[in-house]
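So the structure is just underneath, and the comments pick up after that.
In my numbering, the protein residues as written are -10 to 181.
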């Protein structure tokens, strides 16, 4: 809430939420669907657009750098393992973007203790634009959550130090009416 200054007083700055505040993700809503249909939800989160850098010698404004972003896709029910779904994603990426190179791969623990496979890849979606992405998967009650953190290749530290911790903080909520069994990665008290 912003404050207005009265004559003779000093205005206090508007309060803002801490940059690392836990916030709910936008709700997708609900509707009646046949029980045999799959459900999928996509949420895209992005850092603010930069102002661009001045290029004084050219008397122009330089272009915007690609923004760091996180995508959250949830779909289900799924019957395959998170590892096999990650392998399928890599095969699809390699068939559509020949420049894909695997940087690292393994298991990461989410903040709630669930383990999920991840892969970090580097590729050039268009000439001159190198991208670095980490794909992180988890399955809860037959619902796949695929989190993708993307940055320009030169922002690799931002991916590791900011986006991956943000992705690991994900906690699932049910996709209403989808999935019936316990987490394939293992249930916990916080994640029944």
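Even for Gly, the Cβ is constructed at its ideal location relative to N, Cα and C. Remember, predicted model here, so these are calculated numbers, not experimental data.
{"query": "Do residue 118 and residue 141 have their C-beta atoms closer together than 9 Å?", "result": "yes"}
{"query": "Under the three-state reduction of DSSP, which class applies to residue 67: helix, strand or coil?", "result": "coil"}
{"query": "In whole angstroms, what is the alpha-carbon distance linking residue -9 and residue 58?", "result": "The pLDDT assigned to residue -9 is 40, lower than 50, so where the model puts this residue is not dependable; a value taken from the coordinates is nonetheless given after this. Computed Cα separation, rounded: 28 Å."}
{"query": "Quick one: what's got a C-beta closer than 7 Å to residue 127's C-beta in the same chain, skipping five residues either side?", "result": "71, 99, 103, 105, 134, 174"}
{"query": "Taking Cβ positions, are residue 93 and residue 109 nearer each other than 9 Å?", "result": "yes"}
{"query": "Note down the Cα distance separating residue 171 from residue 131, rounded to an integer number of angstroms.", "result": "With a pLDDT of 42 at residue 171, under the threshold of 50, the modelled position of this residue cannot be trusted, and the question is left open."}
{"query": "Return the chain-ordered ranges of every beta strand (DSSP E) run that is complete within the region 115 to 155 and spans a minimum of 3 residues.", "result": "118 to 129, 132 to 141"}
{"query": "Below 8 Å on the Cβ atoms is my guess for residue 38 versus residue 56; work out the distance and round it to an integer in Å.", "result": "6 Å"}
{"query": "Taking all protein chains shown into account, do 16 or more other C-beta atoms lie within 10 angstroms of the C-beta of residue 182, making it buried, or fewer, making it exposed?", "result": "Shown here, the chain extends from -10 to 181; a query on residue 182 therefore has no answer."}
{"query": "For residue 113 and residue 120, I'd like the C-alpha separation in whole angstroms.", "result": "6 Å"}
{"query": "From the DSSP output, which residues share a beta bridge with residue 109?", "result": "93, 123"}
{"query": "Between the Cα of residue 146 and the Cα atoms of 159, 129, 123, which residue gives the shortest distance?", "result": "123"}
{"query": "Put residue 29 into one of helix, strand or coil per three-state DSSP.", "result": "strand"}
{"query": "Of the residues 96, 162, 66, 86, which one's Cα is nearest the Cα of residue 75?", "result": "96"}
{"query": "Using CA atoms only, rank isn't needed, just tell me which of 151, 158, 25, 162 is closest to residue 36.", "result": "151"}
{"query": "How would you label residue 153, buried or exposed, when you count the other beta carbons within 10 angstroms and need 16 or more for buried?", "result": "buried"}
{"query": "Taking the CB atoms as reference points, tell me whether residue 159 and residue 62 lie closer together than 9 Å.", "result": "no"}
{"query": "Can you find the residues in the same chain that come closer than 7 Å, C-beta to C-beta, to residue 91, ignoring five residues on each side of it along the sequence?", "result": "108, 110"}
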